[in-house]
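Number of protein chains: 2
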Amino acid sequence: MTDLDIAKEIELKHISSIAKKLGLDANSIEMYGKYKAKLQHSVIDLNKVKQSNLILVTAISPTPAGEGKTTMSIGLSEGLNQLGKQTTVVLREPSLGPVFGIKGGATGGGYSQVLPMEDINLHFTGDFSAIEKAHNLLAAIIDNNIQSKTNSLGIDARTVTWKRVMDMNDRSLRHVVVGLGGTTSGVPRETGFDITAASEIMAILCLANDLEDLKKRLGNIFIGYTFDKTPVYAKDLKVEGAMAALLKDAIKPNLVQTIEGNPAIIHGGPFANIAQGTNSVIATRMGMSLSDYTVTEAGFGADLGAEKFLDIKCQSAGLSPKAVVLTTTIRALKYHGGADLKKLTVENIDALEKGLPNLEKHIENIKLFGIEPVIAINRFITDADAEIEIIKAYAKKNNVRVALAEVWAKGGKGALDLAQQVIEIVESSDSEFTPLYNWDMDVKSKIEAVATKIYGAKYIDYSAKAKRNLKTIESLGLDNLPICVAKTQKSLSDNAKLLGRPRDFTITVREIEIAAGAGFLIPITGDMMRMPGLPAHPASENISIDNDGNISGLF
Amino acid sequence: MTDLDIAKEIELKHISSIAKKLGLDANSIEMYGKYKAKLQHSVIDLNKVKQSNLILVTAISPTPAGEGKTTMSIGLSEGLNQLGKQTTVVLREPSLGPVFGIKGGATGGGYSQVLPMEDINLHFTGDFSAIEKAHNLLAAIIDNNIQSKTNSLGIDARTVTWKRVMDMNDRSLRHVVVGLGGTTSGVPRETGFDITAASEIMAILCLANDLEDLKKRLGNIFIGYTFDKTPVYAKDLKVEGAMAALLKDAIKPNLVQTIEGNPAIIHGGPFANIAQGTNSVIATRMGMSLSDYTVTEAGFGADLGAEKFLDIKCQSAGLSPKAVVLTTTIRALKYHGGADLKKLTVENIDALEKGLPNLEKHIENIKLFGIEPVIAINRFITDADAEIEIIKAYAKKNNVRVALAEVWAKGGKGALDLAQQVIEIVESSDSEFTPLYNWDMDVKSKIEAVATKIYGAKYIDYSAKAKRNLKTIESLGLDNLPICVAKTQKSLSDNAKLLGRPRDFTITVREIEIAAGAGFLIPITGDMMRMPGLPAHPASENISIDNDGNISGLF
């Protein structure tokens with residue numbers, strides 16, 4: 443059975459009855475059909491946020507297929523609800539681009555899914571499209587200002603760093619020349635498109651407290667310089683109001699349901715390899731306002747999503763997670779131990795043992811933040827019992843909590859042990875969250891802290907461009923912003939081929955982008971791209987819909 | 443008071459009570475918040491469609507500000523409802539791009555508006571975004587196929603006619619080069635972006651009968667040739683299923699309300715100067731299934747929207763309008779008579795009389811289709827009584843129905859005379875709709891029919907490119923498709939400066955685009971662009987939103 447087959451079997455509850463579980467009246471939500479709703483800002487109660495328990499789900503360095511962080515988050519939330527803890531899972535929105543590529547959707551899997559999966563994976567309530575429009579409005583306004591004779595800021599087209607975005611895996615748009623076709627069609631210049639999830643507007647939406655804060659951050663977006671070297675911000679183009687108006691609904695989190703009929707809030711959807719990778723502050727606060735336990739996820743491995751979640755989002759929003767769940771798979775550890783990507787379903791104790799150092803490093807990293815981790819083994823049907831025992835033995839030897847989680851096959855029932863251990867951590871209150879670095883350290887020191895302590899790098903190399911960027915950042919007075927490193931998720935290093943726990947490597951900072959509105963700096967390492975491509979046989983070839991609206995081929 | 447001020451004064455009814463007026467149960471609609479809903483395909487009843495009365499609202503050649511076709515359609519619908527005729531107005535969706543440009547929104551004006559105007563003008567229920575994504579998915583799949591070594595159709599990149607789209611006035615995207623940046627980032631080629639309303643997918647959505655028909659039309663999109671000169675269609679790339687899945691909600695028309703609490707169905711939003719310019723067949727059929735009278739609009743002047751509505755949509759869907767309302771303004775007639783664009787509010791009998799031939803030609807054109815027109819004078823507060831009398835006298839002399847319609851100031855009450863005359867035309871049953879040309883005529887004859895009979899051209903000039911296009915069309919066996927001319931709306935000719943009723947002019951066909959999926963050919967005349975630009979001071983400078991979500995500056 444595919445995920446879509448399982449999803450179709452479930453009889454969905456009306457979204458008003460899910461809202462009721464959270465103590466919300468049907469009139470206080472905005473329904474989008476029968477199974478989706480938008481939540482109003484008034485749901486947030488900062489006193490309740492302080493009392494609620496935030497659980498972060500992250501993962502070891504993943505294989506290209508992903509290790510089931512979302513599935514684990516949903517399963518854990520079901521398990522906690524089964525144990526009588528009122529729990530909401532708060533997730534990111536799937537990006538549309540990868541749905542047609544290799545990865546597929548992002549709504550969990552098996553019996554741990556959020557529903558309706560077809561809707562959530564395709565457009566959902568339009569948040570990504572709104573972000574894309576707000577982003578591209580600014581781009582159009584910039585080029586219009588460059589073209590204009592009577593309303594010109596004197597922007598030097600060669601300095602414009604603001605690109606366009608599209609929620610599509612479209613490698614041909616990475617590097618483009620726009621403004622061709624003569625005097626009536628703009629000024630020719632080099633630029634490009636990123637995928638929408640990587641937009642600074644997405645980060646702004648995810649970090650904003652409310653509409654007023656959103657508008658202020660939008661105005662602070664840095665876009666380039668005038669010919670006389672004055673920095674230009676979005677507010678100089680008087681466009682932040684229109685951008686905020688475009689985001690009037692996108693800023694509201696979305697309520698859906700899990701397979702077991704529990705509430706799920708889905709909002710914001712950045713990738714953690716190229717952006718901050720966690721859902722919105724508003725959504726997390728809503729989950730915490732409405733429940734005793736809130737389970738959330740941070741993208742890719744703990745070196746990316748968890749680090750950014752803790753250093754950027756938690757510091758920015760004053761949040762302190764009580765426990766961190768480290769999603770671990772047998773197949774990924776075997777991959778880190780040298781097993782062939784195509785043979786990960788074959789029992790291979792040797793490779794598994796050789797892969798353990800990747801797990802070890804992620805555990806060390808979580809402890810660096812003062813939080814107790816629990817290893818959640820995301821069971822696949824091909825995992826051998828002997829393989830599972832090796833991880834359990836490793837955990838016992840190193841005095842780390844571990845739970846076998848069969849969330850794909852069994853939903854919440856498969857997560858009861860994990861849920862119990864999470865409750866124990868929360869109730870023992872041993873964890874005390876400490877961020878890795880202070881925002882007011884200088885930029886190089888912040889990069890060094892993350893690269894050496896989290897990634898395990900020995901040296902950091904700055905390209906000539908990155909060095910110029912550092913000077914720009916200093917001249918703009920933005921060196922007190924936190925850093926949001928763009929790095930491959932496939933390795934702890936910036937080289938996708940260095941698996942396991944690489945040591946003595948060098949991190950190369952190719953350039954440093956400025957996200958002055960979001961409020962962070964983006965050191966781009968290795969050959970990271972912010973616009974993915976499609977495979978030779980894209981998943982779109984298998985997707986279809988019949989005349990009654992039934993979709994097939996989504997996964 | 444601005445339109446937005448008036449709109450905000452209205453206490454909206456819950457959309458379920460609007461649905462109830464149409465005999466629809468609250469469970470049969472999909473709510474998008476409290477004031478918007480999607481309608482299910484099962485609403486269509488083809489027997490009721492046959493019995494319902496379809497009224498088309500069009501206009502004389504407009505000034506750049508537009509002459510209030512949408513406002514007139516809404517006001518007429520209110521008027522018919524006041525006279526006891528159960529009426530639904532069926533409109534196009536506003537395009538987002540112009541909202542930030544000069545034109546503003548497209549939800550009517552004054553006391554003849556559809557609501558909630560902020561939502562309808564900004565994203566609405568996401569239909570445009572879905573169309574944009576389906577369009578750009580095909581583009582990404584084409585470039586991916588060109589890039590691919592293992593799954594290649596051998597597409598010759600130089601022959602690809604499929605561009606990308608964005609719902610933004612962004613002139614810098616008209617002509618671009620994509621695929622730069624080396625071997626990993628695609629194959630460099632020239633292409634461009636059109637505005638989303640001009641997408642062939644928009645036309646397909648507007649002409650499709652249902653999802654199955656939609657999918658078939660999507661598969662028939664022609665995109666270019668292989669190196670060995672084989673034509674390539676979207677179905678060769680196996681992408682029509684995924685495109686149709688992306689349109690699963692967009693294909694459903696949207697229900698909203700007028701200021702007087704009557705039903706309005708809004709769906710599909712092409713421009714009539716660069717596309718077929720009428721709402722969807724599905725929406726029109728729904729309006730007719732649910733009401734005795736259905737009022738709909740066709741974009742810009744009658745030479746564009748009405749001609750395409752009658753020759754393409756009515757022939758394709760088997761519809762026969764009973765009456766045509768010709769929206770006429772004093773200011774536009776003065777403009778056609780030579781008055782300065784900035785002095786149209788000043789009484790000017792001489793210019794008005796000189797402008798009458800534009801009205802005369804549009805009346806002749808409507809009669810060519812065998813339908814009785816009624817001139818609706820869209821009253822502006824600056825119109826002098828003496829000016830209005832001139833049009834009335836003209837109508838009397840020429841035996842044409844005329845009504846003064848004060849829909850902006852008075853809503854339905856201002857349209858009672860117009861509504862009464864429409865009822866008289868319908869009940870006298872004198873009109874018998876005959877299309878201008880048969881689809882199976884050859885392409886040049888079809889172009890000639892429209893250019894000489896409707897526009898009043900004497901000669902037709904084909905560029906070398908257009909002549910090559912004609913050969914291509916013949917070789918693809920597509921010469922039996924109807925034509926959808928792209929032409930300026932500012933003049934009956936293809937030269938925006940020839941106002942009034944130009945004669946003895948030449949129409950230049952620059953190229954002919956193939957919309958094999960939509961099922962029409964697009965002769966592009968004069969210097970028509972399919973991607974607008976922004977003015978020096980874009981409307982976005984005035985738009986904002988406060989922390990409670992109240993939008994300002996939209997018009």
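Going down the list, the protein sequences come from chains A and B.
Sequential numbering of the first sequence, starting at 443, is according to the numbering used here.
Sequential numbering of the second sequence, starting at 443, is according to the numbering used here.
In this text, a Cβ means the ideal position worked out from N, Cα and C, and glycines have one as well.
CB of residue i within 9 Å of CB of residue j, strictly
i	j	result
Q699 of chain B	L525 of chain B	no
E535 of chain B	T769 of chain B	no
R972 of chain A	I637 of chain A	yes
I386 of chain A	V842 of chain A	Any property of residue 386 of chain A remains undetermined from this structure, which presents chain A solely from 443 to 997.
V849 of chain B	L518 of chain B	yes
I708 of chain A	V499 of chain A	no
G995 of chain B	A978 of chain B	no
I452 of chain B	A479 of chain B	no
L538 of chain A	M644 of chain A	no
Neighbour flag for residue i against chain B, beta carbons, 9 Å
i	result
G666 of chain A	no
S905 of chain A	no
A572 of chain A	yes
K895 of chain A	no
V723 of chain A	no
Q589 of chain A	yes
V767 of chain A	no
N662 of chain A	no
V620 of chain A	yes
K796 of chain A	no
E560 of chain A	yes
K690 of chain A	yes
Residue range of the alpha helix (DSSP H) that includes residue i
i	result
I583 of chain A	569-589
Q718 of chain B	First-last for Q718 of chain B: undefined, no H or E at that position.
N911 of chain B	906-917
L522 of chain A	511-524
V620 of chain B	No alpha helix (DSSP H) holds V620 of chain B; the beta strand (DSSP E) holding it covers 618-620.
Cutoff 9 Å: residue i Cβ touching any chain A Cβ
i	result
R659 of chain B	no
K605 of chain B	no
T567 of chain B	yes
L564 of chain B	yes
K575 of chain B	yes
T626 of chain B	yes
L595 of chain B	no
Where the beta strand (DSSP E) containing residue i begins and where it ends
i	result
M473 of chain B	471-473
K480 of chain A	479-481
N820 of chain B	815-820
Q555 of chain B	554-557
V499 of chain B	495-501
T726 of chain B	Per DSSP, T726 of chain B belongs to no beta strand (DSSP E); it is in the alpha helix (DSSP H), 723-732.
P673 of chain A	673-675
Cβ-based burial, residue i [other Cβ within 10 Å; buried from 16]
i	result
I520 of chain B	Checking the sequence shown, residue 520 of chain B turns out to be Glu, not Ile. Buried, by the Cβ-count rule.
E702 of chain A	buried
S515 of chain A	buried
L783 of chain A	exposed
A906 of chain A	exposed
N880 of chain A	exposed
E574 of chain B	buried
Q555 of chain A	buried
Requested in this report: Could you run through the segment 534-557 of chain A and flag, in chain order, every residue whose CB is less than 7 Å away from some CB of chain B?
Outcome: Flagged, chain order: L538, F542.
Requested in this report: Taking a Cβ distance cut-off of 7 Å, strictly less, list which residues of the segment 635-655 of chain B are near chain A, in chain order.
Outcome: Listed in sequence order: D652, L653, E654.
Requested in this report: Check distances from the C-beta atoms of the segment 450-483 of chain B to those of chain A and list, in chain order, the residues that come in under 8 Å.
Outcome: Listed in sequence order: E472, M473, Y474, G475, K476, K480.
Requested in this report: Compile a chain-ordered list of the residues in the segment 951-967 of chain A whose CB is closer than 9 Å to at least one CB of chain B.
Outcome: Within the segment 951-967 of chain A, contact with chain B at the beta-carbon level (separation under 9 Å) is assigned to no residue.
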